[in-house]
Amino acid sequence: MLISIIVPCLNEEKTIRILLDAILAQTYPVLKMEVVIADGFSEDNTRVEVAAFQDENPALDVKVIDSPERNIPAGLNLAINAARGEIIVRLDAHSAPAPDYVERCVNALNADLGDNVGGVWDIRPGAEGWVAASIAAAAAHPLGVGDALYRHATQAQIVDTVPFGAFRRELIERIGLFDETLLANEDYEFNVRIRQSGGKIWLDPAIRSVYFARPTFARLAKQYFNYGFWKWKMLQRYPSTLRWRQFLPPVFVLSLLFWLILGAFFPLFFLVLVLELFLYFFILFFAALRKRMLGLPIAIATMHISWGSGLLWSTLTSFRVNNG
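Residue numbers for the sequence shown follow the numbering used here, beginning at 1 and rising by one.
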């Protein structure tokens, strides 16, 4: 059975070779796998790294296709259309699957455990230094990501979503491709449609992959702003997917703005703002001390404020568009 591993990619010269080496090291037979990389015309040495890998490892079928839209859902769809395999395994260019990743995914699908199967992330720093280490720790901490099971699950179970996922081609024929109008949250939306069609999402913590977190606070802020922005777009279509914890970041950002605006007229409210921030960072610094990582509060705060701001901005712009 041919397995197609699809990878959306843009400027991933630092990690694409790590991914390809990890695919080559899979326990699943290399001659029964192909890799389809949908590259958004990378401006770094991504394609050079891929070409070098192809020259050194001709046994693994790796093809690169152009992704003119330069976004993840469009790249995924192009890769799916170019793939030949009966089973599709979706990976990211800043990830590295464990050696038995593909084999375990195939076994789970063959056992009919789920229509889309995946595992948990082992989050690693995307660069050297305390900033990248703090971001990786925040991306795995409950204060940063809440109750996302694919970050800390210890038991195999039916879940709402998995981060990458493996599925049979027939699933695409049943529910359609990834939604190209969502430039983030496309995985979650895809899994919502699976569940609405009566399908199951299976998470097995034995299916493991390394995920390289963003290397700088600026890139982390951009990532989580986009998550928040496109989350609101998805919630407009699927309001039943809203979780109470998703209220917290936008409410926190609104409260900061509220006290700041009132403080401009009534200085006493600046003290309320300072008190709220003091309590917030006190909790985060306590978590940082337990992890012995003093940069953790900055990373978690960046995630909260960026995600909340993105969702609020998306709400505001949607309201303006809907009301002319």
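Ideal Cβ positions, reconstructed from N, Cα and C, are used throughout, including at glycine.
Distance between beta carbons of residue j and residue i, contact taken as under 8 Å
i    : j    : result
T27  : D100 : 5 Å
L78  : S95  : With a Cβ gap of about 19 Å, L78 and S95 do not count as contacting.
A156 : L203 : 7 Å
L20  : F53  : 5 Å
A299 : L220 : 7 Å
Sequence-distant residues of its chain with Cβ nearer than 6 Å to residue i (five each side left out)
i    : result
Y188 : T161
F212 : T15, H94, R124, G126
Sequence-distant residues of the same chain with beta carbon closer than 8 Å to residue i, five excluded per side
i    : result
L76  : I6, P8, A38, R90, L177, F178, E186
K291 : A137, H141
S314 : G228, F229, W230, K231, W232, K233
Backbone CA spacing between residue i and residue j [nearest angstrom]
i    : j    : result
F217 : M1   : 43 Å
K32  : R174 : 25 Å
G263 : L277 : 14 Å
S255 : I261 : 10 Å
Y280 : R84  : 51 Å
A287 : A139 : 13 Å
P249 : G310 : 10 Å
G295 : L289 : 10 Å
L113 : T15  : 31 Å
H304 : G144 : 7 Å
M293 : W130 : 8 Å
R214 : A132 : 7 Å
C-beta contact flag for residue i and residue j at 8 Å
i    : j    : result
I201 : I158 : yes
R169 : E69  : no
A184 : G119 : no
F225 : S134 : no
S82  : V36  : According to the sequence as given, residue 82 is Ala; it is not Ser. The answer is yes: Cβ separation under 8 Å.
V64  : R47  : yes
S209 : A98  : yes
D115 : L171 : yes
Enclosing beta strand (DSSP E) for residue i [first to last residue]
i   : result
D61 : 61–66
P97 : 95–97
Beta-carbon contacts of residue i that lie in its chain and below 7 Å, excluding the five residues immediately before and after
i    : result
A74  : S67, E180
I3   : Y28, K32, M33, G85, I87, V89, V102, V106
I18  : A96
Q223 : R214
N71  : L183
CB contact below 8 Å: residue i versus chain D
i   : result
D39 : As a matter of chain content, chain D is missing from the structure shown, which is built from one protein chain.
Span of the alpha helix (DSSP H) around residue i
i    : result
P142 : 142–145
V253 : 248–265
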